[in-house]
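In order, the protein sequence lines correspond to chains A and B.
Sequential numbering of the first sequence, starting at 502, is according to the working numbering.
Sequential numbering of the second sequence, starting at 502, is according to the working numbering.
Number of protein chains: 2
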Amino acid sequence: MKMLGILKHSIRYCRRPVAANLQSTIGSTNSNKRTLDGQLDLRCTHVRHVHDDAKRVAEHESVIFRQMFDGETYTYTYLLGCPETRAAILIDPVYEMVDRDVKVAEEMELDIIYGLNTHVHADHVTGTGKLKELLPRFKSVISKSSGAKADIHLEDGAEFKFGNQCIKCLSTPGHTGGCMTYVLPEHAMAFTGDALLIRACGRTDFQEGDSGKLYESVWRKIFTLPNHFYLYPGHDYRGFSRTTVAEEKKFNPRLTLDKEKFVQFMKELDLAYPKLIDKSLPANLKCGEISKEAILGSEDVLSHMGNH
Amino acid sequence: MKMLGILKHSIRYCRRPVAANLQSTIGSTNSNKRTLDGQLDLRCTHVRHVHDDAKRVAEHESVIFRQMFDGETYTYTYLLGCPETRAAILIDPVYEMVDRDVKVAEEMELDIIYGLNTHVHADHVTGTGKLKELLPRFKSVISKSSGAKADIHLEDGAEFKFGNQCIKCLSTPGHTGGCMTYVLPEHAMAFTGDALLIRACGRTDFQEGDSGKLYESVWRKIFTLPNHFYLYPGHDYRGFSRTTVAEEKKFNPRLTLDKEKFVQFMKELDLAYPKLIDKSLPANLKCGEISKEAILGSEDVLSHMGNH
């Protein structure tokens, strides 16, 4: 009970297995009372532990994290912040969404100092140029092998730091020649760009795309991360927000093919959508909708190959 | 070092504050080597701690959680699972997305036994009816005060359990007469439905909507949760995925008004969009786009009131 006095927002919680309650109405004789300090009483009746709220805060704030979406191009932008120094980064910012990103970072008292691109995007304009104009300290970051201009270039195996946070850089080419996966080992998170999408992957038919290389990148780099690591993709077209290494190893309909079949699949996908290449290029055109068709339509190609 | 031998995916990580590295190219002399068991070596050079990977897995799996989006109606559906019993729930499933939700739950070896609606939706058809057809054990759940048909009705203060997980139910009327916020105290999460949206709130001009009641619900219930609790809304129209109690208390442009001004604002919002009422009703019409206009357009109303 001493802990309850120390913690401002003390909460008890239930952990005991309880059979599904199938009463038609579930009420409470203790209907939302308040604790002595005016907080809502969130205790559940089957109390086993006193919740260490201070620990929970620390855990939740070990890294500040927000996933943000651009519905026009189906692009995810990630805001990551160091809770101690307030230094922050954006991964794959979108030009049109920069004002939103800067505003929310300001409100969260975060100082965006880097913008990391996972690769040279072909389906949306990166926000890093606009961010450089808006924020005097801001630096753009991309892989050296991308061949793109940037303030900082990263090589395979590099460690990149913001505040007290550490990112490990994995070169994962195949979608483009310079794709990079950014891993936060401490937080069991990896940002895969278009190398690996949820139950899908990026196309490989332009920008030094190479389906054999992509297959190796995914299996030798991303899929050798621990099974429980969360994977956050560059895009999603079906409303998913994250996946895990374990899930994609087992259920990604493309990457669970053997290498030869995967290469064949990626080739047939292009044959099925020949107009996409012209429409996706040049870089920086907004072709999110077209990508959506390519992802959703891939099930037809897979079914021809007997995968479904 | 003994711990390293025990843990399969042992990772070291860096916590020491490191000045921003502004070298133009950041490489590594230890480019993605592998550990003895074939895992990628994710160590950062400034090692302070040996990462307790087993603890991290336990932390990550204290509740299974996926946020899913329906781009047609801008609705978030939440899949929550008990890692021990595999019992799972969906909060606010959308009719058209049920097949997606059921498939991903199957792949994650989760057994969806309940579908909880935060309220009677007017902008999309709930998926709970379809889920009852697909899953024999599935039960629909909603507040008693909603007046809606369901297998289980909940009252303010009720505790609702799935597997070893416990949800505390907070009655938060105002958007509709029967709105419920579902809180997982152990995981510092609350699902607010349309009572509170990120930097916004649900409309209050139909279905027993009452802006005075909504104001009280938010301030007396949602905003008295601990500051660090994550809030997950029923919709978002700008690409945000979550917020915190602290942020909304400070930056929600509507709820930071005093009560009188808030009521006036909600009234003026309707006057500015009179056609919305007819289009939003009857219930179950898909009016996501219209809601989007109402949210985005609210900045004009606020600016007239001198709030911006």
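The C-beta atom is built at its ideal place from N, Cα and C for all residues, glycine as well.
Given the structure is predicted, the values throughout are model-derived calculations rather than measurements.
L580 of chain A Cβ short of 7 Å to the ligand FMN heavy atom set: For the ligand FMN, the structure offers nothing, since it holds no ligand at all.
According to DSSP, is T629 of chain A part of a helix, a strand, or is it coil? helix
Does the contact criterion of 3 or more C-beta pairs under 8 Å hold for the stretch 750-770 of chain B versus the stretch 630-645 of chain B? no
Counting only beta-carbon atoms, is K714 of chain B nearer than 8 Å to chain A? no
Partners in chain B for G569 of chain A, counting only beta-carbon separations shorter than 8 Å: Before going on, a small fix: residue 569 of chain A reads as Met here, not Gly. By Cβ distance, chain B contributes G740, F741, S742.
Quick one: what's got a C-beta closer than 6 Å to H760 of chain B's C-beta in the same chain, skipping five residues either side? Residue identity check: residue 760 of chain B is Lys in the sequence provided, not His. Counting only Cβ-Cβ distances below 6 Å, and skipping sequence neighbours, we find Y716.
Tell me E660 of chain A's beta-bridge partners as DSSP assigns them. A:K669
Residues in the stretch 605-622 of chain B having any Cβ partner in chain A nearer than 9 Å: V605, E608, M609, I614, Y615
Does D571 of chain B come out as helix, strand or coil in the three-state DSSP assignment? strand
What's the gap between the Cα of G703 of chain A and the Cα of L732 of chain A? 14 Å
Give the secondary structure of A689 of chain A by DSSP, where H, G and I count as helix, E and B as strand, and everything else as coil. Looking at A689 of chain A - three-state DSSP - the assignment turns out to be coil, as it is neither helix nor strand.
For V746 of chain B and T578 of chain B, the rounded distance between their alpha carbons: 20 Å
My output table needs one value for K604 of chain B: the three-state DSSP class, helix, strand or coil. helix
Contact list for T574 of chain A against chain B, beta-carbon separation under 9 Å: Chain B residues near T574 of chain A: none, gap ~11 Å exceeds 9 Å.
For A589 of chain A, tell me which candidate among A:V603, A:F663, A:A659 has the shortest Cα-Cα distance. A:F663
Should L635 of chain B be labelled buried (16 or more other beta-carbon atoms within 10 Å of its own) or exposed? L635 of chain B sits exposed, since fewer than 16 C-beta atoms from the chains shown fall within 10 Å of its C-beta.
Report the three-state DSSP secondary structure of R587 of chain A (helix, strand or coil). Looking at R587 of chain A - three-state DSSP - the assignment turns out to be coil, as it is neither helix nor strand.
Measuring alpha carbon to alpha carbon, tell me which of A:L655, A:D602, A:E607 ends up nearest T629 of chain A. Comparing Cα-Cα distances from T629 of chain A to each of A:L655, A:D602, A:E607, the minimum goes to A:D602.
State the start and end residues of the unbroken beta strand (DSSP E) segment that holds K640 of chain A. 640-644
In whole angstroms, what separates the C-alpha of A696 of chain B from that of P734 of chain A? 30 Å
With distances taken Cα to Cα, identify the nearest neighbour of A623 of chain A among A:F752, A:E660, A:F692, A:Q708. Ranked by Cα distance from A623 of chain A, the options A:F752, A:E660, A:F692, A:Q708 are led by A:Q708.
Applying the criterion that 16 or more other CB atoms from any shown protein chain within 10 Å of the CB defines a buried residue, is E687 of chain B buried or exposed? buried
Is it the case that the Cβ atoms of T677 of chain B and T693 of chain B are separated by a distance below 8 Å? no
Contact list for L543 of chain B against chain A, beta-carbon separation under 7 Å: Going along chain A in sequence order, the residues near L543 of chain B (Cβ under 7 Å) are K669, V684, P686.
Pairwise C-alpha distance: R587 of chain B and M609 of chain B: Whole-angstrom Cα-Cα distance: 9 Å.
Quick check on this structure: which residue in B:L617, B:K722, B:C670, B:N728 has the alpha carbon closest to the alpha carbon of G528 of chain A? B:C670
Quick test of your reading: G675 of chain A and K714 of chain A, contact by CB under 8 Å. State the CB separation rounded to the nearest angstrom. 4 Å
Identify, in the order they occur along the chain, each residue of the same chain with its Cβ nearer than 8 Å to the Cβ of K751 of chain A, setting aside the five sequence neighbours on each side. Sequence-distant Cβ neighbours of K751 of chain A in its own chain, meaning closer than 8 Å and more than five residues away, are T757.
Within the continuous beta strand (DSSP E) that includes G582 of chain A, where are the two ends? According to the DSSP assignment, G582 of chain A belongs to the beta strand (DSSP E) that extends over 576-582.
Look at the Cβ atom of F730 of chain B, then the Cβ atom of A691 of chain B, and state whether they are nearer than 8 Å. In contact: F730 of chain B and A691 of chain B (Cβ atoms closer than 8 Å).
Could you check if D554 of chain B is buried or exposed, using at least 16 other CB atoms within 10 Å of its CB as the buried criterion? Because the pLDDT of D554 of chain B is 42, which lies under 50, any placement of that residue in the model is unreliable, and the number read from its coordinates should be weighed accordingly. Burial call: buried.
Note down the Cα distance separating N728 of chain A from I699 of chain A, rounded to an integer number of angstroms. Each residue's alpha carbon lies about 15 Å from the other.
For L617 of chain B, report the span of its beta strand (DSSP E) as first-last. 612-617 is the span of the beta strand (DSSP E), which, as asked, contains L617 of chain B.
Give the secondary structure of H552 of chain A by DSSP, where H, G and I count as helix, E and B as strand, and everything else as coil. Because the pLDDT of H552 of chain A is 40, which lies under 50, any placement of that residue in the model is unreliable, and the question is left without a value.
What residues of chain B sit near L655 of chain A, judged by a beta carbon separation below 9 Å? T526, I527, G528
Chain B within 8 Å of M681 of chain A, Cβ atoms only: Under the 8 Å criterion on CB atoms, M681 of chain A is classed as non-interfacial with respect to chain B.
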